[in-house]
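Numbering of the sequence shown is given in the working numbering, commencing with residue 8 and proceeding in unit increments.
Just so it is clear, CB atoms sit at the ideal spot from N, CA and C, and this is done for glycine as well.
Note sheet for the following structure.
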Amino acid sequence: MDESKEDQRLPHRRNPNEPVSLEHLAELGVLYWHLNPKDYENDEELKKIREARGYNYMDLLDLCPEKVANYEEKLRNFYTEHIHADEEIRYCLEGRGYFDVRDKDDRWIRIWIKGGDLIILPAGIYHRFTLDTSNYVKLMRLFLGEPVWTAYNRPQEDHPARK
């Protein structure tokens with residue numbers, strides 16, 4: 008992704024563009040599946056993933072100006088570079104957004120998610136999130152145990168999740 012400070016909701020591709028493979032993301036610990044978002048309540052593949060990884064809690068989040076108080080402030084918070092002590096698991100049911108993750112050279116990789124994309128960010132990876140210009144996303148948030156939303160803003164090099 009480029010380093011432009013222009014609207015965070017734009018694609019921000021490098022010039023020339025540098026596509027990143029799912030294999031490269033997996034080397035960073037980022038996992039990806041494409042599922043059927045229209046039937047998420049009965050999706051056997053989603054059930055298998057949840058069971059295999061122990062995700063026993065889920066909720067749904069509609070993120071758009073019409074449904075979220077202090078929408079712009081929330082987006083700014085999500086877009087602040089941070090880590091979590093646990094995995095971040097998001098399943099995009101509708102709409103679109105971007106997860107930006109740092110690679111091993113501390114460069115941003117922009118991951119565009121849309122309906123059907125399930126992404127798992129490993130604990131300790133620097134990342135941030137924003138919507139694209141659609142200004143709408145409906146996400147399923149999955150957790151192992153009780154949900155924890157604690158974000159540790161950069162720098163956090165000594166955090167146990169970074170080891």
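{"Item": "When DSSP labels each residue in this structure, what does His31 get in the three-state scheme?", "Value": "helix"}
{"Item": "Could you tell me the alpha carbon to alpha carbon distance between Ile90 and Ile132, rounded to whole angstroms?", "Value": "6 Å"}
{"Item": "Taking one C-beta from the segment 150 to 166 and one from the segment 110 to 125 each time, how about it: are there three or more such pairs within less than 8 Å?", "Value": "no"}
{"Item": "My understanding is that Ile96 touches Leu149, with C-beta atoms under 8 Å, so please give their C-beta distance in whole angstroms.", "Value": "4 Å"}
{"Item": "Taking the continuous alpha helix (DSSP H) assigned at Leu100, which residues delimit it?", "Value": "Note, Leu100: premise wrong, no alpha helix (DSSP H); beta strand (DSSP E) at 95 to 109."}
{"Item": "Rounded to whole angstroms, what is the Cα-Cα separation between Leu38 and Ala76?", "Value": "31 Å"}
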